[in-house]
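Peer 1:
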């Protein structure tokens, strides 16, 4: 087991009263699994993903990573956790516009995990793996949506993460590109044994998961 | 990719913002450098002009008033000449020249004149108007080599000898003021008796419009012997640096010579001090304004930059940048702006000073290289201080700021 969530609750305080985005969520993630999270808008999918990734602190509950309890309140520990173990793939690609493809991948190696002196070569090798060997010096505006998402996946992969968190990675792509990106993620999961947790609205994408979680009103409805 | 490269790439990406950011610092630094350059050379010019006015501190015996001193009263009190040595040995900073005097009224024929014993070198050093009049002879160059064509063409036949005589003023030589010369009908090389001793006129002094016109100046040792007042003086004139005076030179002198009356020749000193004080105040006022305006401008620029980059900072936080790395990102950017603004501000301010100095202040201004260091320090300081709050707020940006709405 690579990750375990116990009784996770997230409450936002609004002027009209508290909003429970997640209610007492518990589940575990096996190493090398492909988990898809589905549910209607506002069901807490993204909130759950952010919490798993250490981007959002839950109101209560515990998260264990490889049987070690994460100090969710510690900014430095959570930064280090994100830096060493998590790769993110976002719907909006989350690329920095003034950095070319290689440089965008390289920022994934900026943190403490970057011990190698050969970062440039590693970044280029990952981009090559993503089929972008001829687009390494292109800026995001010069790339198609599918290519931008491949750069984002390369940035997630370059640090050799324990798992990749994907938030609607095909949300901005046409059907052809959607299939292409989903295949790529599946391939990464199969060949590199990297655990993938993906939030999606798409039934096709959701079907790819070997574990499926459906959320409704902040609670797990089907697991 | 390290933080520094990321900052360079970002600066390059937003060139117009970069230019406006640098401009804010550059203008502030340029104003300070311009004012400081002009005021530094202006202070020097004023100091030279004020030095030409002569001594500015008077040391008298305790019982003497300034009026007594100028009246050269026959019974005016005296003090030991050793007081000069006391001041010299004290190594008080800011004492440029000491000129001890022994003055008495004496009868020459039927005329009453004032005889003043002086140390020639010190006296001449404290009397710029004497130096300018040519009684010293030619410049040092001429003294060393009086036979050059240039010197000969200017009429300097044997200036070396002439200067030597004036500098040393031997036993029975004297210098006389113009009024006395006319009154006693004396000219250069004339000889006349003072209290039974024969003196030779080495030079008739130029008209100064001061009490010096009514005096005969002889070597202080000769005058002391003549009057029978051994190693006593009744005044020591001091040329004190005006900054030292404002920093307490008078008090330090009083500590060494407690039984004397020490006073400034107020008009000269107050002009010196007031002029310098005014320039310092102007610089200080501008410095404070620039610190505030510059700091706020940079703070505003960095804050606008942070707001524009919220998504980008969120991405960096998401991939694992800790808060301190975000602070570094912005502080390093501020340092770059400070360095660029400091150097450009120095260049523009110096150019403005050099070009406008002669028109605005009537003085020639040259680059002051020390101001480059101050410009850099000040610009970096303004820039970093102005960026601290925006950087701190940027560190608070959540890593999910780049994501879709929750």
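Protein chains in written order, with the numbering used here: chain F, 1 to 223; chain R, 1001 to 1406.
By construction, the Cβ of each residue, glycine as well, lies at the ideal position given by its N, Cα and C atoms.
Quantities reported herein were computed from a predicted structural model and do not represent experimental measurements.
Going by DSSP, what residue range makes up the alpha helix (DSSP H) through residue 104(F)?
Peer 2: 101-106
Peer 1: Exposed or buried, which one is residue 1157(R) when buried takes at least 16 other CB atoms within 10 Å?
Peer 2: Caution is warranted here: a pLDDT of 47 is assigned to residue 1157(R), below 50, making its placement in the model unreliable, and the coordinate value is therefore given only provisionally. Classification for residue 1157(R): exposed.
Peer 1: So for residue 1025(R), helix, strand or coil by DSSP?
Peer 2: helix
Peer 1: Kindly indicate which three-state DSSP category residue 1324(R) falls into: helix, strand or coil?
Peer 2: helix
Peer 1: By DSSP, does residue 1143(R) sit in helix, in strand, or in coil?
Peer 2: Because residue 1143(R) carries a pLDDT of 38, less than 50, the predicted location of this residue cannot be relied on, and no value is offered for it.
Peer 1: Among residues of its own chain, excluding the 5 on either side of residue 1349(R), which ones have a beta-carbon nearer than 6 Å to its beta-carbon?
Peer 2: 1030, 1033, 1034
Peer 1: Mapping DSSP to helix, strand and coil, what is residue 87(F)?
Peer 2: strand
Peer 1: Report the three-state DSSP secondary structure of residue 1346(R) (helix, strand or coil).
Peer 2: It is helical.
Peer 1: Check whether the Cβ of residue 1387(R) lies closer than 9 Å to any Cβ atom in chain F.
Peer 2: no
Peer 1: Identify which residue in 87(F), 143(F), 121(F) has its Cα closest to the Cα of residue 99(F).
Peer 2: 143(F)
Peer 1: Measure the C-alpha to C-alpha separation of residue 1036(R) and residue 1367(R) and round it to an integer number of angstroms.
Peer 2: About 10 Å.
Peer 1: From which residue to which residue does the alpha helix (DSSP H) around residue 1382(R) run?
Peer 2: 1370-1395
Peer 1: Does DSSP put residue 93(F) in a helix, a strand or coil?
Peer 2: coil
Peer 1: Whose Cβ in chain R lies nearer than 9 Å to the Cβ of residue 103(F)?
Peer 2: 1001, 1005, 1006, 1009
Peer 1: Can you name, in chain order, every residue of its own chain whose Cβ lies under 6 Å from the Cβ of residue 188(F), other than the five neighbours on each side?
Peer 2: If you ignore the 5 residues before and after residue 188(F), its C-beta comes within less than 6 Å of the C-beta of 194, all in its own chain and listed in chain order.
Peer 1: Between residue 1209(R) and residue 1228(R), what straight-line distance do the alpha-carbon atoms span, to the nearest angstrom?
Peer 2: Each residue's alpha carbon lies about 31 Å from the other.
Peer 1: Residue 1339(R) versus chain B: which residues are under 7 Å apart at the beta carbon?
Peer 2: The structure shown contains no chain B; its protein chains are F and R.
Peer 1: Kindly list the residues whose CB is nearer than 6 Å to the CB of residue 42(F), restricted to its own chain and excluding five residues on each side of it in sequence; keep chain order.
Peer 2: none
Peer 1: Give a yes or no on whether the minimum CB-CB distance between residue 1306(R) and chain F is below 9 Å.
Peer 2: Closer than 9 Å: no.
Peer 1: Contact criterion: CB-CB distance below 9 Å. Does residue 154(F) meet it with respect to chain R?
Peer 2: It does not; no Cβ of chain R falls within 9 Å.
Peer 1: From the DSSP output, in three-state form, read off residue 14(F) for me.
Peer 2: strand
Peer 1: Please go through the stretch 1191-1245 of chain R and give each complete alpha helix (DSSP H) segment of 4 or more residues, from N-terminal end onward.
Peer 2: 1220-1227
Peer 1: Indicate whether residue 177(F) and residue 145(F) have their beta-carbon atoms separated by less than 9 Å.
Peer 2: yes
Peer 1: Who are the Cβ neighbours of residue 165(F) in its own chain at under 7 Å, not counting the five residues just before and after it?
Peer 2: 49, 52, 53, 86, 88, 197
Peer 1: State the Cα-Cα distance for the pair residue 180(F) and residue 104(F), rounded to the nearest angstrom.
Peer 2: 21 Å
Peer 1: Going by beta-carbon coordinates alone, are residue 1391(R) and residue 1302(R) separated by less than 9 Å?
Peer 2: Yes, the pair counts as a contact, with Cβ atoms nearer than the cut-off.
Peer 1: List the endpoints of the continuous alpha helix (DSSP H) containing residue 191(F).
Peer 2: 175-192
Peer 1: Let me confirm a value: residue 1040(R) is counted as buried when at least 16 other C-beta atoms fall within 10 Å, else exposed. Which label applies?
Peer 2: Taking every protein chain shown into account, the CB of residue 1040(R) has 16 or more other CB atoms within 10 angstroms, so this residue is buried.
Peer 1: Can you check whether the CB of residue 1087(R) is closer than 9 Å to the CB of residue 1169(R)?
Peer 2: No. Outside cutoff.
Peer 1: How far does the beta strand (DSSP E) with residue 1097(R) in it reach, from first residue to last?
Peer 2: 1095-1108
Peer 1: If you count every other CB in all the chains shown that lies within 10 Å of the CB of residue 183(F), and 16 or more means buried, which is it?
Peer 2: That one is exposed.
Peer 1: Does the distance from the CB of residue 1371(R) to the CB of residue 1346(R) come in under 9 Å?
Peer 2: Yes, Cβ-Cβ distance for residue 1371(R) and residue 1346(R) is below 9 Å.
Peer 1: By DSSP's criteria, residue 212(F) is part of a beta bridge. Which residues make up the other side?
Peer 2: 36(F)
Peer 1: Which whole-angstrom value describes the C-beta separation of residue 9(F) and residue 22(F), a residue pair presumed to lie in contact below a C-beta threshold of 8 Å?
Peer 2: 6 Å
Peer 1: If you draw a straight line from the alpha carbon of residue 130(F) to that of residue 151(F), how long is it in whole angstroms?
Peer 2: Going from the Cα of residue 130(F) to the Cα of residue 151(F) covers about 8 Å.
Peer 1: Can you give me the C-alpha to C-alpha distance between residue 1173(R) and residue 1218(R), rounded to a whole angstrom?
Peer 2: 6 Å
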